[in-house]
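Residue numbers (my numbering): 39 to 267. Scroll down for the structure; my scribbles are underneath it.
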């Protein structure tokens, strides 16, 4: 974990300073951005290992920042949300956030969450030493984040790709939405599973009718599976 770089994005300088002190005491290196535009620039130049991203920001809000960063990077993003903004959580997941923490927070909790997300990324990197799954007219490569359908590379957001990779790596196994939230997104989502449905729907649009040897199936009342005939 030593010397991992964390970008702290919040317009409240006191919060930034508090997080910086605790993170540096724990062996992290930090950079701070106080508005959305600065955050996007800093994410590009500083190349952090993880971003703590507040939602209410001047110039660009956290959603716009998340969207911009996700165009070019899979860096883990933990969103900081004000208490009770439930709609935020679903949107954050759909935009590719890896976790969220509600304010006011304990700095210990923030550090524990950061370590958990980084550990998960590290485990994924180890697991994914050039990992791909192949089926008829379908290649899912999680190392390079590439989805190739019938010989054509399809532009796919990171979480969609991780979801189809997870399902296709375990063919014919049925997953509940909560299991997928836990295993693909890596945190318990208070039972709000709409985001899984949205991701499956988008994947279906890309994969429908490509091959009769496999399909992305809904198991009514339970969840989803990657069915191989």
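C-beta: ideal position from N, C-alpha, C; glycine also. Everything numeric in this text was worked out from a predicted model, so none of it was measured.
Within the stretch 162-244, the complete beta strand (DSSP E) segments at least 3 residues long are 170-173, 176-179, 184-187, 190-192, listed from N- to C-terminus.
Between residue 252 and residue 266, the C-beta gap is smaller than 8 Å, which places the two residues in contact. Counting every other CB atom within 10 Å of its CB across the protein chains shown gives residue 194 a total of 16 or more, marking it as buried. Rounded to the nearest angstrom, the gap between the Cα atoms of residue 138 and residue 223 is 11 Å. Between residue 42 and the set 54, 70, 88, the nearest pair of CA atoms involves 88. Runs of the beta strand (DSSP E) spanning 3 or more residues and lying entirely within the stretch 40-89 occur at 43-47, 67-71, in chain order. Here residue 85 is exposed: its Cβ has fewer than 16 other Cβ atoms, across all protein chains shown, within 10 Å.
Cβ contact annotation for residue 231 (same chain, cutoff 7 Å, sequence separation greater than five): 215, 216, 219, in chain order.
The beta carbons of residue 187 and residue 248 sit closer together than 8 Å. In this structure, the beta-carbon distance from residue 60 to residue 202 does not fall below 8 Å.
Residue 133 and residue 104 do touch by the CB rule: their CB atoms are close to 5 Å apart, below 8 Å. Less than 8 Å divides the Cβ of residue 48 from the Cβ of residue 118. Around the CB of residue 135, 16 or more other CB atoms lie within 10 Å, so the residue is classed as buried.
The residue among 243, 91, 241 with its C-alpha nearest the C-alpha of residue 113 is 91. If you compare the alpha carbons of 77, 192, 144, 128 with that of residue 243, the shortest gap goes to 192.
Cβ-Cβ distances below 6 Å link residue 64 to 149 in the same chain, with the five nearest sequence neighbours on each side left out; the list follows chain order. Counting along the chain, no alpha helix (DSSP H) covers residue 93, and no H or E run does either.
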